[in-house]
Every structure is written in C-alpha cells, then in structure tokens.
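Asker:
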Amino acid sequence: MKTLKTIKQLFLPMLLLASSVLLLGCVNDDKKTNENSADIAVNQEMIAELTSPPHVPTPIGARKAKKLIVKMEILEEEGEMTDGVKYMYWTFGGTVPGSFIRTRVGDEVEFHLQNHPNNKLPHNIDLHAVTGPGGGAESSFVAPGHSKVFSFKTLNPGLYVYHCATAPVGMHIANGMYGLILVEPEGGLAPVDKEYYIMQGDFYTKGANGERGLQPFDMQKAVDERADYVVFNGSVGALTGDNAITANVGETVRLFVGNGGPNLVSSFHVIGEIFDRVHVEGGDLINENIQTTLIPAGGAAIVEFRVDVPGSLIMVDHSIFRAFNKGALGMLKVSGEEDKKIYSGEIRDDIYLPEGPGIQTMPTTDEIVESEIPAKSFEEQMEFGKQAYMQTCFACHQGDGQGIANAFPPLAKSDYLNADVDRAISAVLHGLTGEITVNGNKYNSVMTRQTLSPDEVANVLTYVYNSWGNSGKVVTRDMVMKVKNKK
Ligand SMILES: [Cu+2]
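All the letters of the sequence shown, read from the start, carry residue numbers -24 to -1, 1 to 463 under mature numbering (1 follows the signal peptide of the UniProt record, and there is no 0).
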C-alpha cells in the first residue's frame, strides 16, 4: 500500500501538469491547435534516428522543431515465424514492425522511401501522423530500385501507426508492412527509466499453425479473419526467453504498443501488473489504473507503469487463445529485491511457455523444396512448376490463378495468356507494364521481372498452361531461350 502511495505521489505532479495542459487545450479549439503547430518554425535539419523493435530512439526532450530527414528502406525478406516455419515478410527497415520514428510537434519530416532493387513489388507508406491525402501514400508509391521523397509537418502529438497502402492493401499489411511513429508534444514526454516498442500483428499462412516449410500468405484465410499466428513483433517468441525486455525493481516503464492488424483488435494486458497510466489510443486522454487496454487495428496506446517486484511479467493479448496458442505472448523480466509486502508468493522465471502447436514440431512430407535440377518429364515439370508458382507468382495471381480484381489479372482461363506463349514467356522474363486486357477487363499495372532460371520459367508456365482450364501448352527451355535471346 505504501508503495502504491509513492507511485501516486510520483505521478500526481505529472498528472496536474497534464491536466492543466488539457485545460489549456480545451480553451483553444482543435483547429487552432493545429494552426499553431503549423506555425512552429524549423531552422535546422537532422537525420532521424531509426530503431528496430523493441528499441526506441532517444527521447526528444526540449529539442526545438527541425527538418527531420527519415530514410526508410523497404526490404522483402524471408524470416522465421516460429521454429521451422518460414515466411516471406515485407518490411519497413528489415523488421516487423518497421523502424520506430520519433519526432516532435512542428517537425518538418522529409521522408525518403527507398524500395530495394531486389524487391519484387511496388510499395508506399500511409502514416497516420500525416495531415494530407492518403497519409503520404499517394506521393510515396515507389517501384523496386527507386526512392520517393515527400515532406509533411507533424501537427498533432500522439503515437501513430504507419503502414503500406498498396493494393491489395490487406495483403501488404498482413505481410508485416507496419510500424509506429511518435510525435512528442512541446517539451517532450515525462522522463521514465525504460521505454520499449511492441506491435501486434495477425498472420495468415497456407498451412495450419506450426506446419513447417516456407508458408505462403493465404488470402482466403485473411478475408475470413482466420489467423494462424497472432504475434508481438513479427514472430512467435520475438519477446520471450533471451529476447525478453527487461527492467529493474523500482523503475518506471513506458511501452509504445501498436497494432498493425490487418484484422484483429488487441486486448493488451500484462499479467501481474497494473498500468498506472495509459495514453488512450495514443492520444492526449490519460486513463489511470488500467488492467487491459484495447488497441484497435491501425491504432496504438502508450502504457506506463512502475515495476515493484521481481519476476517475469507476461504481456498478452487477453483474447487468450491467441496468447497461448497463436503466439501473442511476450515477457518483461524484472530483476531486483523482492518486496514481500507487495507480493509474498514464490516467484519463478520459467513457468509460462507457449503451449500452442506453433512451438511443437509437426513435420510434413510435402515440404516445399527449391529445385535447380532440369525436369525429366512432364510430371516433373508440373511438380517443379507448381513449387515455383507457389513461391513466386502466388502472392499476386493467387492460389488458383484467379488473380485479384482490379490489381492482378487472372491466369486461369486467361485469353491473354492462351493467345500468345512468347508474350507470356516475355512477361515472366522481362516483366510487364502498360494497359492490357484480360478476359474483357483492363489492367494497367506493373508486373516486375521475375528472377527465375530458364528451366524454372519453362516449368512455371507449363504448370500455368496445364492448370485451371488453360490451353495445355508445354513450354520448354528452348522456347524460353529463344524469347530471352530476342532482346
Ligand atoms: Cu507494400
């Protein structure tokens, strides 16, 4: 009880301060506050410090508003969802969630969005901290091997989500394209001892939870909101065991918690702790003494508490099957002296382990293997071709070649495909842009060049031509070489 009082004493002056700021805020109407922020002058520039989760950049404190240069690189890269399960993540800065951006109100952010040349897809960024069309999405659409620059002024303080908004938007978000940007108020946030960055996300894989191998994204499960994994910081175990975040008894902890979705809302809870203060939805409203705070998809919260006793605090989405069966579980390890007045029981460091199938080994016979060997028969061409399709084409043209309306044309019963085999080979070898008509529907988009060997091109197209009601053509290596040597 005494310690509780001390916490109150500690936070009371801060609260008074916060409420007087709130009162002042009430005198001005919102619009005026924004206008005032827009008038804050910037006269120096600096490169923004970006950090990977669970770390956050140094607090802003009393720094004056500046021109802040943010360089964010998009990387599409394979990672591990859980033991033995690989996933092709699309990332801002090489991590899920993406790099943390820390700014203050009145900063003029010059944003450089760089799409790595090895990437397959165009992307963009929608920052919820932006006042402007699409949150920046319209100005930042960038093809692989290009960089886009746009600039915005941070008008409203708060913790904001950013995400990719390229069609199909849900798929880009589901593959990990989200992160947090903090806009600190004038004078900065109150100092604390430890700050961390945590973001929840739901993932949809072709195989069930725990099924091994490289698991492609499953559009239908995503549409149906049937998540195979719900995790903090991009994978099962990203914040447990050796990856746990830490603090010492008596320290104040601030968690910047976001939810990338794409679908699920998070009932964020820390087992064995009460949040002293929560910046509700990442905004100015402060709530106190909270057990569980709701974080919407595409939303965030700032959670603050003092740790009083040693042990492992377990962070969960209190939709509890997600925590124990789908991965939404992290640890904050607190070291220091016990305080029997606050908690008298035995404290163990190792009692909570995810019990879901995600951590069990469930070997399957049909693991996806990459093949460099030329196919010896039609059956082998079909088999290798299917593997290549599931790894390379699937993301856009979908599992049954049905495509995605207004974004990716169908390969199933495609008149465009069946009319001209050389043209199809060329599309895979060299990419395809400009307006085309497939089965009466117009598409005007970009298919990037696919990095496949001539054998793989022959196999994948043979698979496509002999699936889903197509014309049944067989494509050979020689046919591919002929098209290749033409250009
Ligand atoms: Cu994207």
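Idealized CB from N, CA, C, for every residue including glycine.
Predicted, not measured: the structure shown is a model, and the values here were computed from it.
(1) Considering just the uninterrupted stretch of the beta strand (DSSP E) at His255, what are its terminal residues?
(2) For Leu26 and Thr142, what's the separation of their Cα atoms in angstroms?
(3) What is the residue span of the alpha helix (DSSP H) that Ala198 lies within?
(4) Is His104 near ligand 1, going by C-beta to nearest heavy atom under 7 angstroms?
(5) Assuming Pro430 and Lys460 make a contact with CB atoms under 8 angstroms, what is their CB distance in whole Å?
(6) For Val456, does the count of other Cβ atoms within 10 angstroms reach 16, so buried, or fall short, so exposed?
(7) Excluding the five sequence neighbours on either side, which residues of its own chain have a C-beta within less than 8 angstroms of the C-beta of Leu261, listed in chain order?
(8) Which of helix, strand or coil does DSSP assign to Gly407?
(9) Using three-state DSSP, classify Tyr180 as helix, strand or coil.
(10) Going by the C-beta, is Thr424 closer than 7 angstroms to any heavy atom of ligand 1?
(11) My guess is that Lys42 and Asp83 are in contact by the Cβ rule of under 8 angstroms, so how many angstroms apart are they, rounded?
(12) If we count the other Cβ atoms within 10 Å of its Cβ and call it buried at 16 or more, is Arg202 buried or exposed?
(13) Using a threshold of 7 angstroms, is the CB atom of His99 nearer than that to any non-hydrogen atom of ligand 1?
(14) Note down, in chain order, each residue of its chain lying with its Cβ closer than 6 angstroms to the Cβ of Ile401, except the 5 sequence neighbours on either side.
(15) Would Val225 and Val310 be called neighbours here (beta carbons separated by less than 8 angstroms)?
(16) For Phe208, count neighbouring C-beta atoms within 10 Å of its own C-beta (all shown protein chains included) and say buried if the count is 16 or more, exposed if not.
(17) Quick one: using the 10 Å Cβ neighbour count with 16 as the cut-off for buried, is Thr413 buried or exposed?
(18) Would the C-beta of Met195 count as close to ligand 1, meaning under 7 angstroms from any of its heavy atoms?
(19) For the putative contact between Arg253 and Glu280, defined by C-beta atoms under 8 angstroms, what is the C-beta separation to the nearest angstrom?
(20) I want to check one thing, is the minimum distance from the CB of His373 to the heavy atoms of ligand 1 below 7 angstroms?
(21) To which residues does DSSP link Arg282 through a beta bridge?
(22) Would you kindly report the start and end of the unbroken beta strand (DSSP E) that includes Ser288?
(23) To the nearest angstrom, how far is it from the Cα of Arg425 to the Cα of Thr368?
(24) Is DSSP giving Ile344 helix, strand or coil here?
(25) Suppose contacts are defined by Cβ-Cβ distances below 8 angstroms. Is Val125 in contact with Leu156 by that definition?
(26) Give the DSSP bridge partners of Glu53, in chain order.
(27) Would you list the residues sitting across from Phe87 in a DSSP beta bridge?
(28) Quick one, which of Met48, Thr34 and Tyr65 has its alpha-carbon nearest Leu89's?
(29) Whole angstroms is fine: what's the gap from Gly70's alpha carbon to Thr130's?
(30) May I ask whether a heavy atom of ligand 1 can be found less than 7 angstroms away from the beta carbon of His406?
(31) In the structure shown, what three-state DSSP assignment does Asn394 receive?
(32) Contact between the segment 297 to 313 and the segment 205 to 224: three or more CB pairs below 8 angstroms?
(33) Kindly list the residues whose CB is nearer than 7 angstroms to the CB of Ala364, restricted to its own chain and excluding five residues on each side of it in sequence; keep chain order.
(34) Write down every uninterrupted run of the alpha helix (DSSP H) in the segment 144 to 173 whose length is 4 residues or greater and which is fully enclosed by it, in chain order.
(35) Quick one: what's Phe244 bridged to in DSSP?
Answerer: Taking the coordinates as given:
(1) As a working mapping, residue 255 is identified with position 279 in the sequence shown. Phe251 to His255 is the span of the beta strand (DSSP E), which, as asked, contains His255.
(2) Residue 26 sits at position 50 when you count from the first residue of the sequence shown. Residue 142 sits at position 166 when you count from the first residue of the sequence shown. Whole-angstrom Cα-Cα distance: 23 angstroms.
(3) Mapped onto the sequence shown, residue 198 falls at position 222. Its alpha helix (DSSP H) spans residues Met195 to Asp200.
(4) Walking along the sequence shown from the start, residue 104 turns up at place 128. Outside the cutoff, so no.
(5) To locate residue 430, count along the sequence shown from 1; it is residue 454. To locate residue 460, count along the sequence shown from 1; it is residue 484. So it is a contact: roughly 7 angstroms between Cβ atoms.
(6) Taking the first residue of the sequence shown as position 1, residue 456 is located at position 480. So Val456 counts as buried.
(7) Counting from one through the sequence shown, the residue named residue 261 turns up at place 285. Within its own chain, the residues whose Cβ lies closer than 8 angstroms to the Cβ of Leu261, once the five positions on either side in sequence are excluded, are His255, listed in chain order.
(8) For the purposes of this step, residue 407 is taken as residue 431 along the sequence shown, with counting starting at 1. Here Gly407 sits in coil by DSSP.
(9) Numbered from 1 along the sequence shown, position 204 holds the residue referred to as residue 180. Here Tyr180 sits in coil by DSSP.
(10) Position 448 of the sequence shown, counting from 1, holds the residue named residue 424. Because no heavy atom of ligand 1 lies under 7 angstroms away, the Cβ of Thr424 does not count as near it: no.
(11) One-based indexing of the sequence shown puts residue 42 at position 66. One-based indexing of the sequence shown puts residue 83 at position 107. Contact between Lys42 and Asp83 is confirmed by a C-beta separation of about 6 angstroms, below the 8 angstroms threshold.
(12) Against the sequence shown, residue 202 aligns to sequence position 226. Counting other Cβ atoms within 10 Å of its Cβ, Arg202 stays below 16 and is therefore classed as exposed.
(13) As a working mapping, residue 99 is identified with position 123 in the sequence shown. Checking every heavy atom of ligand 1 against the Cβ of His99, one is found closer than 7 angstroms.
(14) Taking the first residue of the sequence shown as 1, we reach residue 401 at position 425. Excluding sequence neighbours, Ile401 sits near Val456 and Val459.
(15) Taking the first residue of the sequence shown as 1, we reach residue 225 at position 249. Taking the first residue of the sequence shown as 1, we reach residue 310 at position 334. For Val225 and Val310, yes; Cβs fall inside 8 angstroms.
(16) Walking along the sequence shown from the start, residue 208 turns up at place 232. Buried is the call here.
(17) To locate residue 413, count along the sequence shown from 1; it is residue 437. The residue is exposed, with fewer than 16 neighbouring Cβ atoms inside 10 Å.
(18) Start at 1 with the first residue of the sequence shown, and residue 195 comes out as number 219. Every heavy atom of ligand 1 is 7 angstroms or more from the Cβ of Met195, so no.
(19) Along the sequence shown, one-based indexing puts residue 253 at 277. Along the sequence shown, one-based indexing puts residue 280 at 304. Rounded, the Cβ-Cβ distance is 4 angstroms, consistent with contact.
(20) Locating residue 373 in the sequence shown gives position 397, where the first residue counts as 1. The answer is no for His373.
(21) Locating residue 282 in the sequence shown gives position 306, where the first residue counts as 1. Paired residue(s): Thr228.
(22) By one-based count along the sequence shown, residue 288 stands at place 312. Run containing Ser288: Gly287 to Asp293, per the beta strand (DSSP E) assignment.
(23) As a working mapping, residue 425 is identified with position 449 in the sequence shown. As a working mapping, residue 368 is identified with position 392 in the sequence shown. Distance between the alpha carbons of Arg425 and Thr368 is about 11 angstroms.
(24) Position 368 of the sequence shown, counting from 1, holds the residue named residue 344. Its pLDDT being 33, under 50, Ile344 is placed unreliably in this model, and the value from its coordinates should be taken loosely. Three-state DSSP puts Ile344 in coil, outside helix and strand.
(25) For the purposes of this step, residue 125 is taken as residue 149 along the sequence shown, with counting starting at 1. For the purposes of this step, residue 156 is taken as residue 180 along the sequence shown, with counting starting at 1. No, these two residues do not count as a Cβ contact at 8 angstroms.
(26) In the sequence shown, counting from the first residue as 1, residue 53 sits at position 77. DSSP links Glu53 through a beta bridge to Tyr65.
(27) Taking the first residue of the sequence shown as 1, we reach residue 87 at position 111. According to DSSP, which records beta bridges pairwise, Phe87 is partnered with Val46 and Phe126.
(28) Numbered from its first residue, the sequence shown carries residue 89 at position 113. Considering only alpha carbons, the answer is Met48.
(29) Residue 70 sits at position 94 when you count from the first residue of the sequence shown. Residue 130 sits at position 154 when you count from the first residue of the sequence shown. One C-alpha to the other measures close to 25 angstroms.
(30) Position 430 of the sequence shown, counted from the first residue, corresponds to residue 406. His406: no, Cβ never under 7 angstroms from ligand 1.
(31) By 1-based counting over the sequence shown, the position of residue 394 is 418. Reduced to three states, the DSSP call for Asn394 is helix.
(32) yes
(33) The count along the sequence shown starts at 1 and reaches residue 364 at position 388. Within the same chain, Ala364 has close Cβ partners Leu428, Glu432, Asn435 and Val436.
(34) 145 to 150
(35) As a first step, residue 244 must be located in the sequence shown, where it is residue number 268. Beta-bridge pairing links Phe244 to Thr269 and Asp293.
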